[in-house]
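Each residue of the sequence shown is one higher than the one before, starting from 266 at the first, in the numbering used here. Every residue, glycine too, gets a C-beta built ideally from N, C-alpha and C.
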Amino acid sequence: MEVRKQRVSNFLDFIRYDLTGNVEHDLVTISQKLFDTVNIHDFYSIREIDGAKKLNDYGLAIAADMGLLLAQLLEDLKPSLYWEIGKGPKSYHGYNLPILKFFVGTTSEVDLLFFSIIKIGVSLNVDQRPFDWLTSLKNFEKAAK
266 MEVRKQRVSN FLDFIRYDLT GNVEHDLVTI SQKLFDTVNI HDFYSIREID
316 GAKKLNDYGL AIAADMGLLL AQLLEDLKPS LYWEIGKGPK SYHGYNLPIL
366 KFFVGTTSEV DLLFFSIIKI GVSLNVDQRP FDWLTSLKNF EKAAK
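Next comes the structure, spelled out in structure tokens:
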């Protein structure tokens with residue numbers, strides 16, 4: 266099994282969820298489970314400067330795995346998407362990480378790992394509720410048309 270698929274499988278095992286095939290239901294349920302998981306102190310630390318919750322290594326790993334799951338769901342919807350390893354300077358957040366790419370006139374890219382990490386951080390600190398992964402998936406799908 267590919268490493269990526271194994272990580273998604275391990276992530277689903279960790280949050281104790283089996284995909285139903287209903288993407289909308291799956292994303293709503295997984296979003297709540299993910300929020301509940303990373304909102305436990307084992308997955309974040311408190312920044313001294315502003316008291317905000319910051320994902321620790323465990324939280325970042327869970328967020329990255331959510332990005333891989335989102336990518337898998339997108340790939341199922343849009344087979345024209347493809348993976349590439351992030352290039353650029355080492356300071357680029359996607360450097361040497363898998364990036365999902367698609368064509369919109371010229372090539373566009375979505376770094377779903379970084380996207381997931383940012384959105385989970387926002388949901389913990391600003392929204393204080395689960396992130397709406399379903400809307401994001403639909404927006405990515407529209408962009409990839």
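Requested in this report: Could you check which residue in D307, E340, G316 has the C-alpha nearest to that of A326?
Outcome: D307
**Report entry** Residue of L335, W348, K352, V273 minimising C-alpha distance to E289
**Finding:** L335
Query raised in the report: Contact between the stretch 309-322 and the stretch 339-354: three or more CB pairs below 8 Å?
Result: no
Query raised in the report: So what does DSSP say about L320, is it helix, strand or coil?
Result: strand
Query raised in the report: Taking C-alpha atoms, which residue in N321, D301, S296, I305 lies nearest to D397?
Result: S296
Query raised in the report: Can you give the beta carbon distance from P395 to F276, rounded, assuming they're within the 8 Å contact cut?
Result: With a Cβ gap of about 16 Å, P395 and F276 do not count as contacting.
Query raised in the report: Mind checking G286: buried by the 16 CB within 10 Å criterion, or exposed?
Result: exposed
Query raised in the report: Does the beta-carbon of D341 have 16 or more other beta-carbons within 10 angstroms, so that it is buried, or is it exposed?
Result: exposed
Report task. Pick helix, strand or coil for N267, following the three-state DSSP scheme. Result -> For the sequence presented, residue 267 should be read as Glu rather than Asn. The answer is coil: DSSP assigns E267 none of H, G, I, E or B.
Query - I305 versus I385, S356, L339, V273, residue with shortest Cα-Cα distance - result: I385
**Report entry** Reference K318, options V303, G332, M331, A328, closest by Cα
**Finding:** V303
**Report entry** Boundaries of the alpha helix (DSSP H) in which S310 is found, first to last residue
**Finding:** Here S310 belongs to no alpha helix (DSSP H); instead the beta strand (DSSP E) covers 309-311.
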